[in-house]
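Peer 1: What follows is a structure written as structure tokens; I'll ask about it next.
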Amino acid sequence: MQGPLIETLARQGVTRRTFMKFCATLASAMALPPSAGRAMAEAMAAAPAASKRPSVIWLPFQECTGCTESITRSHSPTLEGLIFDVISLDYQETLMAAAGHQAEEALHAAMAANDGKYLLIVDGSIPLGLDGAYSCIAGKSNLETLKEVAKGAAAIVAMGSCAAYGGLPHANPNPTGAVSVSDIIKDKPIINIPGCPPIPTVITGVLAHFLTFGSLPELDKHGRPKAFYGETIHDRCYRRPFYDQGKFAKTFDDQGARNGWCLFELGCKGPVTYNACATVKWNGGTSWPVESGHGCLGCSEPDFWDAGGFYKALSMPADPLKLAAKAAVVGAAAGVAVSFVNRGKKSAAKSAHETTTLADLEK
Amino acid sequence: MNEIQLLTWVRGDGLDYAVGIFLLGVIWRLFEIYSLGRKKDLSASRSVAGASGWHTIFRRSLPPAGMVKKSPVSYIGGYTFHIGLAIVVFLFAPHILLIQSLTGLSWPGLPSQFIDLAAVVTMAAMVVVLADRINKPVKRYLSTFGDWFTWTVTFLPVLTGWMAVQHLLLPYTTMLALHILSVEVLLVVLPFTKLFHAFTLFGSRWYNGTVNGHKGVAV
Amino acid sequence: MPLDAIPVVAVPPGLRAGELSGNAPALLREIAEMVRRLLSEGETSAIDLQALPLTPADLEWLREQLGEGEIAVTLNADGESSLNETACPGVWWVTHRNPKGAVVSEFLEVAFVPELVKAHQDDVVIGLEHLELLISDLS
Numbered sequence: 008m009q010g011p012l013i014e015t016l017a018r019q020g021v022t023r024r025t026f027m028k029f030c031a032t033l034a035s036a037m038a039l040p041p042s043a044g045r046a047m048a049e050a051m052a053a054a055p056a057a058s059k060r061p062s063v064i065w066l067p068f069q070e071c072t073g074c075t076e077s078i079t080r081s082h083s084p085t086l087e088g089l090i091f092d093v094i095s096l097d098y099q100e101t102l103m104a105a106a107g108h109q110a111e112e113a114l115h116a117a118m119a120a121n122d123g124k125y126l127l128i129v130d131g132s133i134p135l136g137l138d139g140a141y142s143c144i145a146g147k148s149n150l151e152t153l154k155e156v157a158k159g160a161a162a163i164v165a166m167g168s169c170a171a172y173g174g175l176p177h178a179n180p181n182p183t184g185a186v187s188v189s190d191i192i193k194d195k196p197i198i199n200i201p202g203c204p205p206i207p208t209v210i211t212g213v214l215a216h217f218l219t220f221g222s223l224p225e226l227d228k229h230g231r232p233k234a235f236y237g238e239t240i241h242d243r244c245y246r247r248p249f250y251d252q253g254k255f256a257k258t259f260d261d262q263g264a265r266n267g268w269c270l271f272e273l274g275c276k277g278p279v280t281y282n283a284c285a286t287v288k289w290n291g292g293t294s295w296p297v298e299s300g301h302g303c304l305g306c307s308e309p310d311f312w313d314a315g316g317f318y319k320a321l322s323m324p325a326d327p328l329k330l331a332a333k334a335a336v337v338g339a340a341a342g343v344a345v346s347f348v349n350r351g352k353k354s355a356a357k358s359a360h361e362t363t364t365l366a367d368l369e370k
Numbered sequence: 488m489n490e491i492q493l494l495t496w497v498r499g500d501g502l503d504y505a506v507g508i509f510l511l512g513v514i515w516r517l518f519e520i521y522s523l524g525r526k527k528d529l530s531a532s533r534s535v536a537g538a539s540g541w542h543t544i545f546r547r548s549l550p551p552a553g554m555v556k557k558s559p560v561s562y563i564g565g566y567t568f569h570i571g572l573a574i575v576v577f578l579f580a581p582h583i584l585l586i587q588s589l590t591g592l593s594w595p596g597l598p599s600q601f602i603d604l605a606a607v608v609t610m611a612a613m614v615v616v617l618a619d620r621i622n623k624p625v626k627r628y629l630s631t632f633g634d635w636f637t638w639t640v641t642f643l644p645v646l647t648g649w650m651a652v653q654h655l656l657l658p659y660t661t662m663l664a665l666h667i668l669s670v671e672v673l674l675v676v677l678p679f680t681k682l683f684h685a686f687t688l689f690g691s692r693w694y695n696g697t698v699n700g701h702k703g704v705a706v
Numbered sequence: 002m003p004l005d006a007i008p009v010v011a012v013p014p015g016l017r018a019g020e021l022s023g024n025a026p027a028l029l030r031e032i033a034e035m036v037r038r039l040l041s042e043g044e045t046s047a048i049d050l051q052a053l054p055l056t057p058a059d060l061e062w063l064r065e066q067l068g069e070g071e072i073a074v075t076l077n078a079d080g081e082s083s084l085n086e087t088a089c090p091g092v093w094w095v096t097h098r099n100p101k102g103a104v105v106s107e108f109l110e111v112a113f114v115p116e117l118v119k120a121h122q123d124d125v126v127i128g129l130e131h132l133e134l135l136i137s138d139l140s
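Chains as they are written, first to last, in the numbering used here: chain U, 8 to 370; chain C, 488 to 706; chain E, 2 to 140.
Given below as structure tokens:
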């Protein structure tokens, strides 16, 4: 295991064993076999010298910068940030020092120098309304920019629920006509890392996988890496035993809530949400929403914003019933009308002295 | 339409339509049936102990002497799946929550492992009852499309619900949406098929008991 | 406000410890198979304990069964890690912790010496350079 990364790390006071320990833990988080940890460590350490580091271009579209916040929070003091020592982040508006024309120059220089080889990360949705006028960078609509930059990308990472599914801008009534990356780009491998925001370890894990194996990890039908999005929050939740026992918190401050019982009745979307929060957790493994006492919002699922209310249990109606009262009145009216018709028939049959046949009884 | 949208639809508009049609149908048919009326029996009533509408309602919940031995599948299988259905439908916590949100009524539920067992037993009983219906020539002769259809729409909600909980075949979200959808199909067809016996059974028993009780026969 | 004044119990005591899931005994057989491979082919292997559906009670049972060996290695690298030999030589219980002391990953490693314990050739070279520097300072 030799290479520039180890040397870079050593200069930062990170030992070889620290790095191997990090890779072992990362492999465990990605549900890879223990041997993959060593393979990862070797591949990443052997990454080529600084001038040839894989180029990464990060395009922000209609977004809130929450995804960038998430990944930057993973830097210190954990080792996740070190992965960035093996990539060359050539364009990231929030983090880069350059601005204006310089920034655009950096983007085009990186695109030209690494044509067909760079990794494109997109966060935010792409507005199509008013010819894309809702969100522009350097006088170009997001749609134009995406098409232009995606052309030379080796692969695209759609970071966060907005880039992956359209996210909050896509929520009903979707005033800007927001769509996801995969709605526009059809000819490039796209990996979705949804979440609002996604878990830092998931972001770095996917990047590590790409750098280590030179390919994208196995994806599910929503284009999400199975290693992190393979199981529901509910199935990995430490409160699951209470669900099975039928012990539920009824409000956020009752005895059940204090006892840490299941939050299903308070609207937890854990059963239909595929993400790794329950195992990887947030803020360096400190906690995660359910552990903090709030149900899962389902932020890594498409259209979670329009899925019938955050505080309504999954088995409850998504909307109040509107037709029930009217239907009951119509039913009663129909019943009364039919009974008048039947009574009319009966008295007609009576006055005509009709006889009952076997066929009548079989009706 | 992705699976979350499907789930939201079945929990929203789909449920709205299904409950609407269900209520419309149930009220319509109850009015229609009970407004038919019967000709007044002018003969003098004969009083016999145990012969009344109320007696019959109770008595017909029990098998007549010797019948369990003669037709064990119909009786034991029938009881098992009806009681099983009641347990699964009314004592599973998420179901109680639905009923509470619709009616305001709630009661304690049972542990999900127990519900799981009840669902398996219910399905097994239903399959046995169906097999018996297919195998016995008389039962098969008496069966119409309505019987096969109502068996299917009753079985599907139990099957899809159980498969959703067990994570079989399809992802939970999709299976849950299909489960709710199958229940909505059941709600829609219930007032217009044999399944309407859920509403009429006690009324018709009472009627039979009263008519026969008037003649002095305990049925 | 002191933390214990907040009347929140995340999980009532007794439940989280849970019961044995029945998965742990199967692990013993797998470990035995791995040790056989180590003896016959010299192949090292590891089990990721966090990837398996084990309850804390299972882990406790496994720890008791495997017992404590003679060697306990502590590694200080971005948090403390312990690499402890069990009573079955060649089977090591490896626990990695972050700087805050929380367990980040846990493995059972079957090897004569765990990979992490061995000094790497390049590091030894650096060590030698350092030694030579020390010696040169002597004169």
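Glycine is no exception: its CB is placed at the ideal position from the N, C-alpha and C atoms.
Fair warning: this is a prediction, and the values are worked out from it, not measured in the lab.
Below 8 angstroms between beta carbons: does that hold for Met662 (chain C) and Thr680 (chain C)?
Peer 2: No, the Cβ-Cβ distance between Met662 (chain C) and Thr680 (chain C) is not below 8 angstroms.
Peer 1: At what residue ranges does the region 137-166 of chain U contain a whole run of the alpha helix (DSSP H), taking only runs of 4 or more?
Peer 2: 149-157
Peer 1: Please decide whether Glu308 (chain U) counts as near chain C, where near means a Cβ-Cβ distance under 8 angstroms.
Peer 2: yes
Peer 1: Among the residues of its own chain, which have a CB less than 7 angstroms from the CB of Arg98 (chain E), if the five just before and after it don't count?
Peer 2: Gly80, Glu81, Ser82, Val104, Val105
Peer 1: CB Ile192 (chain U) to CB Leu226 (chain U), shorter than 8 angstroms?
Peer 2: no
Peer 1: Quick one: what's Trp94 (chain E) bridged to in DSSP?
Peer 2: E:Asn85, E:Leu109
Peer 1: Can you pull out the residues from the region 321-351 of chain U whose beta carbon lies closer than 8 angstroms to at least one beta carbon of chain C?
Peer 2: Residues of the region 321-351 of chain U with a Cβ closer than 8 angstroms to any Cβ of chain C, in chain order: Leu321, Ser322, Met323, Pro324, Ala325, Asp326, Leu328, Lys329, Leu330, Ala331, Lys333, Ala334, Ala335, Val337, Gly338, Ala339, Ala341, Gly342, Val343, Val345, Ser346, Asn349, Arg350.
Peer 1: Which bits of chain C does Glu225 (chain U) rub up against, with CB to CB less than 8 angstroms?
Peer 2: Going along chain C, no residue has its Cβ under 8 angstroms from Glu225 (chain U), so there is no contact; the nearest lies around 16 angstroms.
Peer 1: Which residue wins for smallest C-alpha separation from Gly277 (chain U), given the options U:Tyr245, U:Trp289, U:Lys257?
Peer 2: U:Tyr245
Peer 1: Do three or more CB pairs link the region 221-238 of chain U to the region 256-269 of chain U at distances below 8 angstroms?
Peer 2: no
Peer 1: The alpha helix (DSSP H) spanning Leu663 (chain C) covers which residue range?
Peer 2: 659-676
Peer 1: Starting from His131 (chain E), find everything on chain U with Cβ-Cβ shorter than 9 angstroms and list it in chain order.
Peer 2: Correct list: empty, because the minimum Cβ distance to chain U is about 13 angstroms.
Peer 1: Taking the C-alpha atoms as reference points, what is the distance between Thr590 (chain C) and Leu304 (chain U)?
Peer 2: 26 angstroms
Peer 1: Among the residues of its own chain, which have a CB less than 7 angstroms from the CB of Ala157 (chain U), if the five just before and after it don't count?
Peer 2: Leu127, Ile163, Ile192, Lys195
Peer 1: Check whether the Cβ of Pro117 (chain E) lies closer than 8 angstroms to any Cβ atom in chain U.
Peer 2: The question names Pro, but residue 117 (chain E) is Leu in the sequence shown. With 8 angstroms as the cut-off, Leu117 (chain E) counts as an interface residue toward chain U.
Peer 1: For the region 15-29 of chain U, which residues have a CB atom closer than 9 angstroms to at least one CB atom of chain E, in sequence order?
Peer 2: Ala17, Val21, Thr22, Arg23, Arg24, Thr25, Phe26, Met27, Lys28, Phe29
Peer 1: Quick one: using the 10 Å Cβ neighbour count with 16 as the cut-off for buried, is Glu272 (chain U) buried or exposed?
Peer 2: buried
Peer 1: Residues in its own chain within less than 6 angstroms of Gly564 (chain C) by CB, not counting five upstream and five downstream?
Peer 2: Ala612, Val615, Val616
Peer 1: List, in chain order, every chain U residue whose beta-carbon is nearer than 7 angstroms to that of Ser106 (chain E).
Peer 2: Ala31, Thr32, Ser35
Peer 1: Checking 8 angstroms against the spacing of the C-beta atoms, do Leu39 (chain E) and Ala112 (chain E) come in under that value?
Peer 2: Contact: yes.
Peer 1: Just confirm the distance between the C-beta atoms of Leu117 (chain E) and Leu84 (chain E), as a whole number of angstroms; I'd bet it's less than 8 angstroms.
Peer 2: 6 angstroms
Peer 1: In the DSSP assignment, the alpha helix (DSSP H) including Leu585 (chain C) goes from what residue to what residue?
Peer 2: Per DSSP, Leu585 (chain C) belongs to the alpha helix (DSSP H) from 580-590.
Peer 1: Below 8 angstroms on C-beta distance, what does Phe255 (chain U) contact in chain C?
Peer 2: Ala580
Peer 1: On a Cα-Cα basis, can you pick out the residue from E:Ile136, E:Leu135, E:Thr96, E:Leu129 that is closest to Thr32 (chain U)?
Peer 2: E:Thr96
Peer 1: Would a check of beta-carbon distances place Asp59 (chain E) closer than 8 angstroms to chain U?
Peer 2: It does not: the Cβ of Asp59 (chain E) has no partner Cβ on chain U nearer than 8 angstroms.
Peer 1: So, does the CB of Glu519 (chain C) fall closer than 8 angstroms to a CB anywhere in chain U?
Peer 2: yes
Peer 1: Looking at Tyr125 (chain U) and Val186 (chain U), is the spacing between their C-beta atoms short of 8 angstroms?
Peer 2: no
Peer 1: Is any beta-carbon of chain U found at less than 8 angstroms from that of Ile491 (chain C)?
Peer 2: Yes, because at least one Cβ of chain U sits closer than 8 angstroms to the Cβ of Ile491 (chain C).
Peer 1: Going straight from the alpha carbon of Pro658 (chain C) to that of Ser41 (chain E), what length do you get?
Peer 2: Pro658 (chain C) and Ser41 (chain E) have their C-alpha atoms some 43 angstroms from each other.
Peer 1: Using a Cβ-Cβ cutoff of less than 8 angstroms, which residues in the same chain neighbour Ile13 (chain U) once the five nearest sequence positions on both sides are dropped?
Peer 2: Closer than 8 angstroms at the Cβ level, and outside the excluded window around Ile13 (chain U), lie Arg23, Phe26, Ala52.
Peer 1: Residues of chain U with CB under 8 angstroms from Leu665 (chain C), in chain order?
Peer 2: Here the premise fails: no neighbours, minimum Cβ distance about 13 angstroms.
Peer 1: Looking at the C-beta of Asp367 (chain U), does it have a partner C-beta in chain C at a distance below 8 angstroms?
Peer 2: no
Peer 1: On the DSSP letters alone, give me the boundaries of the alpha helix (DSSP H) that Ile32 (chain E) sits inside.
Peer 2: For Ile32 (chain E), the enclosing alpha helix (DSSP H) begins and ends at 25-42.
Peer 1: Report, in whole angstroms, the separation of the C-beta atoms of Ala606 (chain C) and Val575 (chain C), which I expect to be a contact under 8 angstroms.
Peer 2: For a cut-off of 8 angstroms, the C-beta gap from Ala606 (chain C) to Val575 (chain C) is around 5 angstroms, short enough to register as a contact.
Peer 1: Alpha helix (DSSP H) containing Gln51 (chain E): first to last residue?
Peer 2: Run containing Gln51 (chain E): none; DSSP gives neither H nor E here.
Peer 1: Take every Cβ of the region 97-110 of chain U, pair it with every Cβ of the region 132-142 of chain U, and state whether three or more of those distances are shorter than 8 angstroms.
Peer 2: No, because fewer than three Cβ pairs between the region 97-110 of chain U and the region 132-142 of chain U fall closer than 8 angstroms, the two stretches do not touch.
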